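Letter by letter, the sequence shown follows residues 3 to 356 in the working numbering.
We put the beta carbon where it would ideally sit given N, CA and C, even for glycine.
Remember, predicted model here, so these are calculated numbers, not experimental data.
A short worksheet on the structure shown next.
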Amino acid sequence: MVLVDAVRAISAALSGTSRRLAPPPASLLEAASGFWRTHAIGAVARLGVADHLADGPRDVASLAAATGTDEDSLFRVLRALAADGIFRRTGARTFALNAITEPLRGDHPQSVRHTLIQMSSDWNQRIWADMTTTVTEGRPAFPRQYGGYLWDYFVDHPDDGEDFHRSMRELSRLDMPLILAAHDFGRYERIADVGGGSGQLLAGVLTANPHVRGVLYDLPAATADAPAVLGAAGVADRVEVINGSFFDHVPPGCDGYLMRNIVHGLTDEQAGPVFDRLRPAFTPRTRLVVLDCLVPEKPGGNHPGFLDLQMMVGSGGRERSASEMAALFAANGFQLVEVQRTASPTAIFVGRLA
């Protein structure tokens with residue numbers, strides 16, 4: 003962790019130095035132009051361009067035919083991205099993958115294709131565009147723009163919901179080894195992944211701990227791919243899939259309750275009913291394991307600032323420091339007993355009944 007912190011500090015220092023050396027207007031414009039890059043990458047992710055480059059460089063004409071796109075427009079997008087270090091230009095109108103764009107392939111073991119699609123989605127860009135009102139009023143943009151919350155939206159827009167759930171699966175796969183190394187999941191006999199989606203993280207936990215059994219608990223749309231994910235991992239016979247909402251009920255009978263990227267999507271007020279549902283399932287030996295980003299207590303460090311803003315404009319939730327998480331636990335009858343950092347932005351907050 004000392005090495006990770008040092009690398010992050012050096013990276014932040016280099017980035018800050020680069021901006022200070024440039025004229026301030028240029029630095030501001032460069033920072034603000036990031037949304038151009040977001041949409042260009044999102045477009046090639048949706049079109050599956052990286053998959054068509056998996057076997058090597060191709061000319062734009064054949065790529066356009068394969069993706070059903072306008073050749074000149076595709077060329078201009080790839081040219082811009084290649085000039086920015088994303089994709090590699092191998093000829094006048096020929097492009098190839100580089101190390102950065104390999105994870106754009108849908109079949110890559112570290113694929114982030116659906117996460118990039120989600121980041122550049124119409125619904126997400128719309129709520130970010132409404133940030134000024136969010137900052138002015140102190141209320142999230144999503145309910146204001148769509149008249150409800152994200153899960154309600156996904157019911158009526160299943161394609162967006164599918165991209166979201168695939169994104170969560172991708173992110174679980176990326177930092178799973180770091181989470182497994184930081185926390186001893188072998189201490190549990192039966193662990194419930196509350197809001198666990200398709201079960202990617204739970205499958206990893208059970209694979210690493212053959213004696214542990216699991217419960218996967220989420221809405222039906224979220225667990226639709228769970229049989230395939232759990233089956234591929236060889237742990238389906240040790241998992242009970244239960245459908246429901248953690249706002250209404252939490253399955254009893256487990257000694258560990260895992261919640262990844264759930265609490266950060268909730269305001270302190272919204273979190274209260276969830277803790278209310280958890281408490282009846284707990285005994286003195288039961289542990290709550292919350293996986294969220296960790297906000298440093300002091301300035302500097304690895305601050306998940308923009309993910310915090312995603313929560314702010316979306317659900318109104320927030321990323322929390324250890325003291326903020328401890329206060330949230332205490333206000334709802336729990337005690338934060340341990341905070342375990344990982345080499346990723348994700349930290350592990352371990353709690354028990356107070």
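Distance from SER200 to ALA228 at the Cβ level is roughly 5 Å; contact confirmed, criterion being Cβ atoms closer than 8 Å. A Cβ-Cβ separation of about 6 Å places MET314 in contact with THR136 under the 8 Å criterion.
Scanning GLY216, PHE77, ALA24 and ASP53 for the CA closest to the CA of GLY93 turns up PHE77.
In the structure shown, GLU299 falls within a coil segment according to DSSP collapsed to helix, strand and coil. Around the beta-carbon of HIS41, fewer than 16 other beta-carbon atoms lie within 10 Å, marking it exposed. Exposed is the label assigned to ASP86, since fewer than 16 other Cβ atoms lie within 10 Å of its Cβ. The beta carbon of LEU176 lies closer than 7 Å to those of GLN112 in the same chain, with the five residues before and after it left out.
The three-state reading of DSSP puts GLN112 in coil, since its state is none of H, G, I, E or B.
Within its own chain, the residues whose Cβ lies closer than 8 Å to the Cβ of PHE156, once the five positions on either side in sequence are excluded, are ASP162, GLY163, PHE166 and ALA223, listed in chain order. Beta-bridge pairing by DSSP links THR96 to ASP61 and GLY93. When DSSP reads this structure, ASN245 sits in a beta bridge with ASP220. Relative to VAL114, the option among THR269, SER174 and ALA329 whose CA is nearest is SER174. By the Cβ test, the segment 116-123 is not in contact with the segment 67-84, since fewer than three Cβ pairs between them sit closer than 8 Å. A straight-line Cα-Cα distance of about 18 Å links ALA205 and ILE350. For ALA42, the uninterrupted alpha helix (DSSP H) segment begins and ends at 36-49.
Secondary structure note for ALA194: its beta strand (DSSP E) is the uninterrupted segment 192-196. Taking the CA atoms as reference points, ASN245 sits about 25 Å from ARG354. Residue pairing by DSSP places GLY258 opposite ILE193 and ARG289 in a beta bridge. For THR348, DSSP records a beta bridge to CYS295.
Where PHE187 is concerned, there is no enclosing beta strand (DSSP E), because DSSP gives it neither an H nor an E. Here SER317 is buried. Its C-beta has 16 or more other C-beta atoms within 10 Å. Shown here for PHE249: same chain residues with a beta carbon closer than 8 Å to its own, the five before and five after excluded, namely PRO275, VAL276 and ARG279 in chain order. For HIS116 and ARG107, the gap between their C-alpha atoms comes out near 10 Å. In this structure, MET261 and VAL196 form a Cβ contact; the two beta carbons are roughly 5 Å apart against a cut-off of 8 Å. DSSP, read as helix, strand or coil, puts VAL339 in strand. The residue from LEU99, ILE181 and ALA194 with its alpha-carbon nearest to that of ASP61 is LEU99.
Here VAL217 is actually not in contact with TYR190; their C-beta atoms are around 11 Å apart, not less than 8 Å. Contact between LEU180 and ALA345 holds, since their C-beta atoms are separated by about 5 Å, short of 8 Å.
For VAL276, the uninterrupted alpha helix (DSSP H) segment begins and ends at 270-280.
Assigned with DSSP and collapsed to three states, ARG141 falls in coil, not helix or strand.
Rounded to the nearest angstrom, the gap between the Cα atoms of PRO306 and HIS266 is 12 Å. By the neighbour-count definition (other C-beta atoms within 10 Å, threshold 16), HIS251 is an exposed residue. A direct Cα-Cα distance of roughly 43 Å separates ARG146 from GLY236. In the three-state scheme derived from DSSP, where H, G and I count as helix and E and B as strand, LEU55 is classed as coil. Judged by DSSP secondary structure, LEU106 falls outside any alpha helix (DSSP H); it is assigned neither H nor E. Per DSSP, VAL214 lies in no alpha helix (DSSP H) and is assigned neither H nor E.
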